[in-house]
Amino acid sequence: MTAGTTDAAFRFHARHLPRQLHKISRAQIFIYRRWENEHMTTFRYLEGITEADYAFEASGKDLSEMFTNAALATEGLMADLKTIKPIKKKTLGLTNEDVGKLLHEFLEELVFLKDAETLLFSKFKLDVKKEKVYMLSAELLGDNIDATKQHLGIDVKAITLHEFKVEQLKDKSWRCQVVVDV
Amino acid sequence: MTDLKKLKRISEVLWEMPQEGDMHVPARFYGTDKIMRDMDDQVFKQIANVACLPGIQTAALCMPDAHSGYGFPIGGVAAFDPEEGGIISPGGIGFDINCGMRLLKTNLTIKEVQPKIKELVHQLFLNVPAGVGGEGNVALTREQLRQVSEQGAGWCVKNGYGWKQDLERLEEYGCLKDADASKISDRAIKRGINQLGTLGSGNHYLEVQFASPKNIFDEKIAKHFGITHPDQILVMVHCGSRGYGHQICSDFLKDFEGVMAKYKIHVRDRELACAPFNSPEGQAYHNAMRCAANFAFANRQVIIHNVRSAFEKVFSKDAESLGLDIIYDVAHNIAKLEKYKVDGKKKDLVVHRKGATRSFGPGNPALAKFYQETGQPVIVGGSMETGSYLLVGTKKAEEETFGSTMHGSGRTMSRTQAKQMVKGDQLQKDMAKKGIYVEATSFSGLAEEAGFAYKDINEVIRTMEIAGISKPVVQLKPIGNVKG
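Chains A and B are the protein sequences, given in the same order. Here this note's numbering is used: the first residue of the first sequence is 57, the next is one more, and so on. Here this note's numbering is used: the first residue of the second sequence is 645, the next is one more, and so on.
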């Protein structure tokens, strides 16, 4: 298990783990890592970047997966993802010449919808691709904020530009680092 | 652990990082040996970045509660001269524009309140919406939101949320003049329109506190503020401008990133994006920022109106006879135009306070008559376990720190670490054993705010007392808390 994950992220992550992970061996770690790489459903909250706020890292084999994981990391701070029923749908289309700016804009949209429409999301069907510019089309599934139904966390005020990074790795996968103000 | 040898010690509690490289001025830090040794390394880097911004005057300052932020450190103060290309920076104010503190007194004592504390905290929890995306109980039209943005707490009093005399007891009388709501984006309006009167989450809280006689350090001033009898109950509110202010900051950070090249400004951190104060962009942000500040003054005004209602319900008396008067309201995330003498010359400076409180001394013309002899009240919120302080500002603060002081105790541990050390429900039980009853919208959020995640507030206060920047009046201990 990645160090520094929050309860919500841990539970989300744990759902996807092989059953026998607790009897862990080097071979199983290797298998798990391979499994993790294939599924890419992880994100982790980072230590050492900010004390008052939260920083996270999210990755994916392609942009759609990385954007999805970054969205889950953002929503996972505001509520336990398992408690947000995917019963309300929003669609979204964004374009930007810069992939970092597109990610920033997308995450800001989640923060906007949390306040303007009191919506939190737990499932994302995303398609992010590059044509002339970077294009995102998204289907967001979630529910209205309700403390009696959801285990709420902390309010995300903004997606900051502090230490904000988006990069493509040698194996063509994508990784981002985001600091959110809470 | 910080290597203090790199700093020059100016006095017992004042340290200086010499000007080097691109820095226009040195950086100065307030702290005892312990505070300085424990200071987060990032703070030194971030305040040095601030010292590189155009038009900065005298020194970039760090208060003793400083900890790392983004762009400016939290607890950072910097003043810029518009006549020397001085800038205004959203990152020097923070996303939560006019996040601040308000303190309310009562005529009740702990003996009267303790038996009803659960009922009281629960009523406060019901009356004051808190937590992620909390919606308020004041339904505003767009036109009313514009009025709130331009009139601040005055709009609330006009519309029945408070008493006329409340306004005299607020920094800037609860309204920054010349706010211009035409500068506000549609997104900010949509984020803020339903949130007036809400607490938010994170380190925001509403706390029932008491002033024990042994914790009163200046009886005369305490009495002047209405703290007159032993173990008197007070109520402290910590919150800001909610989604409205957060969006205004986000909007202008983006705009400023795009205009810095035009003004040949280079910053070391994207969160330091800024524009010359006297540029059209700088003025637009200044006007919009003042709208958010006014929203925050109004937000705290509606909250204390609802606090008064909660007390009326629980104690079956009207708020007037319960003596629910405001002691003061301070902004600790703000930029303001203030006059200071720099090298013998009087200048109008744009003073940025990010996690820092104004600390004006006696006789300052900006203060209402009621505070002319005492200096302004400085409200410093501690962690929900350790207690808070009421202090007063001094003339020395006006001479040395652009009239600024600390705002809280300052974090010393990350939120993730805090949650690994304690579970929220356990913390709630532990606090109950200590006589502090808490209701929270989120257990994980509660754990993040555990007392051990913060610096020792007494050490922070002691620093500014030794420095002569602010003078303690009373320490307040919690007995009940509503946590967003």
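All C-beta atoms, glycine included, are put in the ideal place defined by N, C-alpha and C.
| Check | Outcome |
| --- | --- |
| Mind pulling the chain B residues with CB within less than 8 Å of A:Y101? | T1060 |
| Beta-carbon of A:E113 versus every beta-carbon of chain B: anything under 8 Å? | no |
| Quick one: does A:F162 have its CB under 8 Å from some CB of chain B? | no |
| Residues of chain B with CB closer than 9 Å to the CB of A:A35, please, in chain order. | Outside the shown range of chain A, which is 57 to 238, sits residue 35 of chain A, and nothing can be said about it. |
| From B:I737 to B:G999, what does the alpha carbon distance come to, in whole angstroms? | 8 Å |
| Please classify B:N781 as buried or exposed, where buried requires at least 16 other C-beta atoms within 10 Å of its C-beta. | exposed |
| Among the residues of its own chain, which have a CB less than 6 Å from the CB of B:F896, if the five just before and after it don't count? | P734 and Y929 |
| Quick check on the DSSP output: the alpha helix (DSSP H) that includes B:S1088 runs from which residue to which? | F1087 to E1092 |
| Looking at the unbroken alpha helix (DSSP H) that takes in B:S590, where does it start and where does it end? | Since the first residue shown for chain B is 645 and the last is 1128, residue 590 of chain B is missing from the structure and cannot be characterised. |
| Report yes or no: do three or more beta-carbon pairs, one from the segment 885 to 903 of chain B and one from the segment 931 to 940 of chain B, lie closer than 8 Å? | yes |
| Any residues in the segment 887 to 901 of chain B with a beta carbon nearer than 8 Å to a beta carbon of chain A? Which ones, in chain order? | G887, H890, Q891, C893, S894, L897 and E901 |
| Do B:H711 and A:A108 have their beta-carbon atoms positioned less than 8 Å apart in this structure? | yes |
| Can you grab the Cα-Cα spacing for the pair B:T1018 / B:G1037, in whole Å? | 8 Å |
| Which residues, in order along the segment 677 to 707 of chain B, keep a beta-carbon less than 9 Å from a beta-carbon of chain A? | D684 and Q686 |
| At 3 residues or longer, what runs of the beta strand (DSSP E) sit wholly inside the segment 670 to 712 of chain B? | 671 to 674 |
| If I'm right that B:P726 touches B:G699 with Cβ under 8 Å, what's the distance once you round it to whole angstroms? | 7 Å |
| Establish whether the CB of B:M1057 and some CB of chain A are separated by less than 8 Å. | yes |
| Counting along the chain, where does the alpha helix (DSSP H) carrying B:I1110 start and finish? | I1101 to A1111 |
| Identify whether A:H207 lies in helix, strand or coil by the three-state DSSP scheme. | coil |
| With B:I828 as the anchor, note down where its alpha helix (DSSP H) starts and where it stops. | No alpha helix (DSSP H) contains B:I828, which DSSP labels as neither H nor E. |
| Closest to A:K295 by C-alpha separation, out of A:D183, A:K205 and A:K157, would be which residue? | Any property of residue 295 of chain A remains undetermined from this structure, which presents chain A solely from 57 to 238. |
| Between B:R786 and chain A, is any beta-carbon pair separated by less than 8 Å? | no |
| Could you run through the segment 839 to 853 of chain B and flag, in chain order, every residue whose CB is less than 9 Å away from some CB of chain A? | Q839, G844, S845, G846, N847 and H848 |
| Could you tell me which chain A residues have their CB closer than 7 Å to the CB of B:I718, listed as they occur along the chain? | A108 |
| Could you pull the start and end residues of the beta strand (DSSP E) that A:G198 belongs to? | Y190 to N200 |
| Exposed or buried, what is B:H882 when buried is set at 16 or more other beta-carbons lying within 10 Å of its beta-carbon? | buried |
| By Cβ distance, which residues of its chain are closer than 7 Å to B:C819, with the 5 residues on each side in sequence left out? | Q795, G796, A797, G798, N938 and F941 |
| Roughly how many whole angstroms lie between the Cα atoms of B:G1089 and A:L150? | 32 Å |
| Straight-line CA distance for A:F99 to A:A126? | 7 Å |
| For B:H882, which residues does DSSP report across the bridge? | B:M745 and B:Y849 |
| Should the segment 756 to 770 of chain B be called in touch with the segment 908 to 926 of chain B, which here means at least 3 C-beta pairs below 8 Å? | no |
| What's the call for B:R952, buried or exposed, on a 16-neighbour Cβ count within 10 Å? | buried |
| Terminal residues of the continuous beta strand (DSSP E) containing B:N943? | No beta strand (DSSP E) contains B:N943, which is instead part of the alpha helix (DSSP H) from P924 to F959. |
| Would you please verify whether the beta carbon of A:G116 is less than 8 Å from any beta carbon of chain B? | no |
| Spatial neighbours of B:T676 within its chain, please: C-beta separation below 8 Å, excluding the five flanking residues on both sides. | E656, V657, P708, E1103, R1106, T1107 and I1110 |
| According to DSSP, simplified to helix, strand and coil, what is B:L968? | coil |
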